[in-house]
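First comes the structure, then the notes that go with it.
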Ligand SMILES: [Zn+2]
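Residue numbers (the numbering used here): 2 to 757.
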């Protein structure tokens with residue numbers, strides 16, 4: 002979506018305009034609202050309707066006592082009800098600090114409750130505004146019943162790379178926004194270089210009307226306990242504007258208002274607590290019609306701005322809501338726009354369990370495994386080389402945990418007990434190659450033990466490598482090969498991943514990277530692959546016997562792009578290698594769009610249907626990789642359209658991987674007394690081997706591709722000097738280089754055939 006760039010650009014221009022240190026852009030709610038408004042006219046319609054219903058609500062609630070109602074310290078509302086709001090908090094994380102503890106979330110809710118019930122520290126509010134401090138009487142409750150009717154603590158967690166600025170795309174696991182106030186916590190807002198300069202943003206009720214699946218607040222984790230950010234964003238959620246918002250400009254630019262009378266016009270303040278600022282507020286008053294309509298009444302509001310208002314950007318230690326803001330929120334809570342009136346409905350409170358005490362639920366097991374001194378998830382290792390595991394279980398205070406590891410024969414390998422400390426990493430190494438199952442039993446301090454088995458938690462490579470010089474080896478990814486020793490990992494558990502496919506170059510098996518984006522926009526517009534990566538590891542090779550210039554990694558591949566615009570195709574395949582059982586991966590080759598998409602643009606899901614869909618890749622293996630223990634890693638990074646954030650690539654297929662001494666250039670072998678010629682060469686269709694041998698009566702022709710696989714073999718009678726032996730087109734359908742070996746009598750001839 003455009004919004005990311007749009008609001009970042011705005012944030013940057015604001016920062017640039019201030020010609021000084023970079024300021025934190027507190028909130029991108031206005032920029033996001035502008036984006037939503039542009040994207041769908043329904044937002045403006047909803048906004049107009051909401052404003053009308055606010056007017057009607059205020060008129061009904063303050064019919065006779067306009068002035069008093071607008072200036073009485075307790076809000077003047079005869080409306081004394083409390084509004085109870087069910088909340089769900091979704092933590093979108095990659096196991097970093099953004100994976101905040103439950104206790105941080107409880108503290109966040111407690112802080113919001115204090116603020117929205119006028120129980121925060123208001124002692125520093127300057128005198129002119131003390132009469133205008135409002136009490137919203139809104140209470141927030143983490144839900145105790147989830148949308149499926151199951152008990153919950155009102156917190157969900159999801160592992161995702163989108164924690165790094167995924168924003169609307171990171172708003173996964175939405176619970177119906179008409180039933181729950183959804184709050185997402187991510188690492189930081191915004192994927193661009195300006196990431197981190199925006200703290201959070203909220204939807205307004207009107208944009209929620211058109212884009213319900215984005216409805217709620219998303220915030221960087223650093224700000225959830227600052228006593229201000231969530232209070233500010235929640236104001237937007239209930240339709241409060243920035244105090245300068247009608248200026249149509251950014252904070253500090255020009256005088257504006259917020260459709261609330263008792264917050265005087267202001268330019269807003271950028272991280273400064275300028276308590277006395279009269280620039281827009283001098284001689285500020287409002288005239289209200291009197292009860293009888295014959296005489297207007299004048300209310301002389303403060304002649305300085307309400308810098309301490311929570312909807313300013315100022316960094317004041319004390320923050321307030323005004324009475325007028327409270328009225329605006331309560332009016333919004335009585336409107337159907339954005340479904341805000343349904344949140345506090347009695348039936349909804351019962352359905353979401355909002356008023357019930359938080360249940361004691363058994364812990365949810367969770368962990369991360371990684372290479373030492375790295376934060377990235379790792380699940381592939383070498384025999385005897387440890388991975389570091391850390392306990393990330395939650396929903397209860399963990400008092401003990403047991404970790405047991407079994408190999409593919411279900412034989413216990415390693416057992417660790419009493420790893421209680423949250424996040425303390427401990428090393429585990431494995432002797433047996435193959436898949437490891439981790440069984441984790443976690444005991445909470447008051448509600449029992451949860452045991453979870455994680456199949457394929459780790460893959461341990463073989464002890465020794467295969468030498469293809471001694472044992473010819475082409476990996477076809479079929480059941481007869483070694484595909485079980487080619488592990489692949491979908492680290493973030495999404496639809497973009499390596500998987501085995503039932504198509505192939507010559508058979509019905511290969512590896513596929515599922516890059517085709519099946520998400521339908523805009524109905525389910527979260528979870529962009531931007532930022533994702535997935536790994537396929539090779540089996541272990543012993544390349545020590547290869548000689549310089551005669552060691553090449555070969556494979557066939559078939560790929561396409563979803564988009565016809567080459568400028569927006571950004572898929573990449575990175576091939577790295579590791580030697581000597583180390584976790585340091587060395588770049589060998591990178592394939593970009595020009596190579597990967599050999600079949601061009603295909604709008605539908607790409608599946609290769611004939612051998613001609615496949616291309617060949619050969620990569621010279623350098624001396625540093627010609628060791629006795631070598632593993633290759635194929636890391637696929639799907640690209641996206643930067644506007645829609647949908648994948649622009651398509652499925653990518655990898656087949657027939659081998660290491661071969663044949664370089665692409667093969668020298669013709671000199672003949673003895675036999676003349677052999679291939680024609681046409683280059684070929685496109687059938688090719689012919691013409692044999693002139695005065696002595697032999699038969700000749701054998703063997704055609705292999707550059708990976709060493711035999712694609713055609715025949716023995717035929719030589720009918721005279723200059724006999725022709727056909728190489729059928731279907732056997733050499735894939736463009737590339739083939740080796741044609743002709744044996745007649747005792748003479749062996751090998752020539753290169755180029756197929757175009
Ligand atoms: Zn804001």
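Every residue, glycine too, gets a C-beta built ideally from N, C-alpha and C.
Discussion item. I'd like the list of long-range same chain contacts for residue 183, defined as Cβ closer than 7 Å, with 5 residues on each side in sequence excluded.
Written reply: 89, 91, 175, 176, 216 and 217.
Discussion item. Suppose the cutoff is 7 Å on Cβ atoms and the five residues either side in sequence are ignored; what does the same chain contact list for residue 376 look like?
Written reply: Spatial neighbours of residue 376 in its own chain (CB-CB distance under 7 Å, excluding positions within 5 residues in sequence) are listed in chain order as 97.
Item to complete: Alpha carbon to alpha carbon, how far is residue 661 from residue 469? Give it in angstroms, no decimals.
Response: Spanning the two alpha carbons is a distance of roughly 7 Å.
Discussion item. Measuring only from the beta carbon, is residue 232 closer than 8 Å to any heavy atom that is part of ligand 1?
Written reply: Every heavy atom of ligand 1 is 8 Å or more from the Cβ of residue 232, so no.
Worksheet entry | Candidates 49, 603, 639 and 740: closest to residue 260 by CA position | Restricting attention to 49, 603, 639 and 740, the CA atom closest to the CA of residue 260 is found in 49.
Worksheet entry | N-terminal and C-terminal residue of the alpha helix (DSSP H) that residue 727 is part of | Element bounds for residue 727: not the alpha helix (DSSP H) but the beta strand (DSSP E), 724-728.
Item to complete: Quick one: which unbroken alpha helix (DSSP H) runs of 4-plus residues sit fully inside the region 295-340? Chain order, please.
Response: Annotation: the region 295-340 contains the following complete segments of the alpha helix (DSSP H) (minimum length 4 residues), in chain order: 324-333.
Practice prompt. Pull up the distance between the alpha-carbon of residue 65 and that of residue 289, whole angstroms please.
Written response: Here the model assigns residue 65 a pLDDT of 41, short of 50, so the residue's position is not dependable, and the following value carries that caveat. Distance between residue 65 and residue 289, taken at the CA atoms: about 11 Å.
Item to complete: Apply the 10 Å Cβ neighbour rule to residue 685 and answer buried if 16 or more other Cβ atoms are within range, or exposed otherwise.
Response: Using a 10 angstroms sphere on the CB of residue 685, the tally of other CB atoms stays under 16, which defines it as exposed.
Worksheet item: Can the beta-carbon of residue 203 be found closer than 9 Å to that of residue 394?
Response: Going by C-beta atoms, residue 203 is not nearer than 9 Å to residue 394.
Discussion item. Please give the ranges of any beta strand (DSSP E) in the region 103-132, keeping only runs that are unbroken, at least 3 residues long and fully inside the region.
Written reply: Given a length threshold of 3 residues, the region 103-132 has no whole run of the beta strand (DSSP E) inside it.
Worksheet entry | Simplified DSSP state of residue 50, which is helix, strand or coil | Judged by DSSP in its simplified three-state form, residue 50 adopts helix.
Worksheet item: Do the CB positions of residue 441 and residue 366 come within less than 9 Å of each other?
Response: Contact: yes.
Fill in: Proximity below 9 Å, CB of residue 360 to CB of residue 153
Cβ distance < 9 Å, so residue 360 and residue 153 count as in contact.
Fill in: Span of the beta strand (DSSP E), counted from its first residue to its last, around residue 740
Annotation for residue 740: the continuous beta strand (DSSP E) segment containing it runs 737-745.
Fill in: Short Cβ contact (9 Å threshold) for residue 358 with residue 396
Not a contact, by the Cβ cut-off of 9 Å.
Worksheet item: For residue 286, which residues of its own chain have a beta-carbon under 8 Å away from its beta-carbon, when the five flanking residues on both sides are left out?
Response: Closer than 8 Å at Cβ, skipping near neighbours: 299, 300, 301 and 302.
Item to complete: Look at the alpha carbon of residue 492 and the alpha carbon of residue 466, and state the distance between them as a whole number of angstroms.
Response: One alpha carbon belongs to residue 492, the other to residue 466, and they sit about 26 Å apart.
Discussion item. On a Cα-Cα basis, can you pick out the residue from 213, 372 and 520 that is closest to residue 43?
Written reply: When 213, 372 and 520 are compared, the shortest CA-CA separation from residue 43 is found for 213.
Discussion item. Tell me which residues share the same chain as residue 269 and place their Cβ nearer than 7 Å to its Cβ, disregarding the 5 neighbours each side in the sequence.
Written reply: Closer than 7 Å at Cβ, skipping near neighbours: 243, 244, 245, 252, 253, 313 and 314.
Worksheet item: Between residue 162 and the rest of its own chain, which residues show a CB-CB distance below 7 Å, the 5 nearest in sequence each way excluded?
Response: In the same chain as residue 162, and ignoring 5 residues on each side of it, the C-beta atoms closer than 7 Å to its own belong to 95, 493, 532 and 533, in chain order.
Discussion item. Which of the three DSSP states is assigned to residue 674 in this structure?
Written reply: Confidence is the limiting factor: at residue 674 the pLDDT is only 44, short of 50, which leaves the residue's position unreliable, though a coordinate-based value still follows. Here residue 674 sits in coil by DSSP.
Fill in: Closest Cα partner of residue 588 within the set 622, 497 and 572
Put simply, of 622, 497 and 572 the residue whose alpha carbon is nearest the alpha carbon of residue 588 is 622.
Item to complete: Compute the Euclidean distance between the alpha carbons of residue 757 and residue 565, then round it to the nearest angstrom.
Response: Separation of residue 757 and residue 565 (C-alpha to C-alpha, rounded to the nearest whole angstrom) is 24 Å.
Discussion item. Please determine whether the Cβ atom of residue 36 lies at a distance below 8 Å from any heavy atom of ligand 1.
Written reply: It does not: the Cβ of residue 36 is nowhere closer than 8 Å to a heavy atom of ligand 1.
Fill in: Best match in 263, 171 and 548 for proximity to residue 771 [C-alpha to C-alpha]
Outside the shown range of the chain (2 to 757) lies residue 771, about which nothing can therefore be said.
Discussion item. Can you look up residue 585 in the DSSP assignment and give me helix, strand or coil?
Written reply: Looking at residue 585 - three-state DSSP - the assignment turns out to be coil, as it is neither helix nor strand.
Worksheet item: Between residue 185 and residue 402, what straight-line distance do the alpha-carbon atoms span, to the nearest angstrom?
Response: If you take the alpha carbons of residue 185 and residue 402, they lie about 29 Å apart.
Fill in: Distance between residue 124 and residue 326 (C-alpha atoms, nearest Å)
Rounded to the nearest whole angstrom, the CA to CA distance from residue 326 to residue 124 is 20 Å.
Item to complete: Please report the Cβ distance between residue 134 and residue 115, rounded to the nearest whole angstrom; I am assuming they are in contact, meaning their Cβ atoms lie under 8 Å.
Response: 13 Å between Cβ atoms; not a contact.
Item to complete: Specify the secondary structure class of residue 750 as computed by DSSP and reduced to three states.
Response: The answer is strand: DSSP assigns residue 750 an E or B state.
Fill in: Reference residue 408, options 433, 709 and 658, closest by Cα
Of the candidates 433, 709 and 658, the one whose C-alpha sits nearest the C-alpha of residue 408 is 433.
Discussion item. Rounded to the nearest angstrom, what separates residue 733 and residue 681 at their Cα positions?
Written reply: So the alpha carbons of these two residues sit roughly 13 Å apart.
Worksheet item: Measuring from the CB of residue 202, is there a heavy atom of ligand 1 at a distance below 8 Å?
Response: Yes; taking the cut-off as 8 Å, the Cβ of residue 202 has a heavy atom of ligand 1 nearer than that.
Discussion item. Measuring only the C-alpha atoms, how far is residue 138 from residue 331?
Written reply: Cα to Cα, the separation comes out at about 9 Å.
Fill in: Residue span of the beta strand (DSSP E) that contains residue 349, given as start and end
Not the beta strand (DSSP E): residue 349 falls in the alpha helix (DSSP H), residues 347-353.
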